[in-house]
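Enquirer: Residue numbers (our numbering): -13 to 120.
Provided herewith is a single structure, encoded as structure tokens, for subsequent inquiry.
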Amino acid sequence: MPHPLIAPMAAHVALAAFLYALLTFARAPAIWGIGRRSDGSNPWARFEPRISANLSNQFEWPLLFYAACLVLLQSGTSQLSLVLAWIFVLGRVLHSLVQILTSNVRLRGVVFTVNFLAVLGLWAIVALHPSQNH
-13 MPHPLIAPMA AHVALAAFLY ALLTFARAPA IWGIGRRSDG SNPWARFEPR ISANLSNQFE
47 WPLLFYAACL VLLQSGTSQL SLVLAWIFVL GRVLHSLVQI LTSNVRLRGV VFTVNFLAVL
107 GLWAIVALHP SQNH
């Protein structure tokens, strides 16, 4: 049975893979001509830059999520660290939805703050208990 922290990590990888597929779909009319409107325009043109920006975001703050999880895989995982890992992943999904489907920067900031705090919580666990099983 895999370590419990593998599941939230894999879920985030699945989110990134989904975003790559979504970006390919959104670019298809412009790049391959698949799905163009009758006037030749791309029906997904307004979403493509948002998807691209969100995909890029998946390789910024999440890097610190993975680093904390890898340390915790070696030093021990508490129930709190698992909860924080899942809060992070669910927050990333919400962040993606807000960034891609809306232009509400304030809401996106609130959702990001949840992600930010979850990762800081993971790092607090790492820093306070580096070699104990929790």
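Built from N, CA and C at the ideal position, the CB exists for glycine as well.
Can you confirm whether the segment 56 to 70 touches the segment 5 to 25 when touching is taken to mean that 3 or more C-beta pairs between the two stretches lie within less than 8 Å?
Expert: Verdict: no, contact absent.
Enquirer: In the structure shown, what three-state DSSP assignment does residue 129 receive?
Expert: Residue 129 cannot be examined here, being either before or after the span of the chain that is shown, -13 to 120.
Enquirer: Can you grab the Cα-Cα spacing for the pair residue 85 / residue 107, in whole Å?
Expert: Approximately 24 Å, taken between the alpha carbons.
Enquirer: Would you call the segment 19 to 33 in contact with the segment -5 to 2, where contact means no fewer than 3 C-beta pairs closer than 8 Å?
Expert: No: fewer than three Cβ pairs fall under 8 Å.
Enquirer: Please classify residue 77: is it buried, with 16 or more other beta-carbons within 10 angstroms of its beta-carbon, or exposed?
Expert: It is buried - the Cβ of residue 77 has at least 16 other Cβ atoms within 10 Å.
Enquirer: Just the Cα atoms here: how many angstroms apart are residue -11 and residue 91?
Expert: Cα to Cα, residue -11 sits roughly 36 Å from residue 91.
Enquirer: Given residue 40, which residues of its chain have a CB within under 8 Å of its CB, disregarding the five upstream and five downstream residues?
Expert: Only 5, 81, 82, 85 and 86 meet the Cβ criterion.
Enquirer: Can you tell which of 24, 22 and 109 has its C-alpha closest to the C-alpha of residue 49?
Expert: Among 24, 22 and 109, the Cα nearest to that of residue 49 is on 109.
Enquirer: Please state if the CB of residue 74 and the CB of residue 51 are separated by a distance shorter than 9 Å.
Expert: Yes; because the gap between Cβ atoms is below 9 Å, this pair is in contact.
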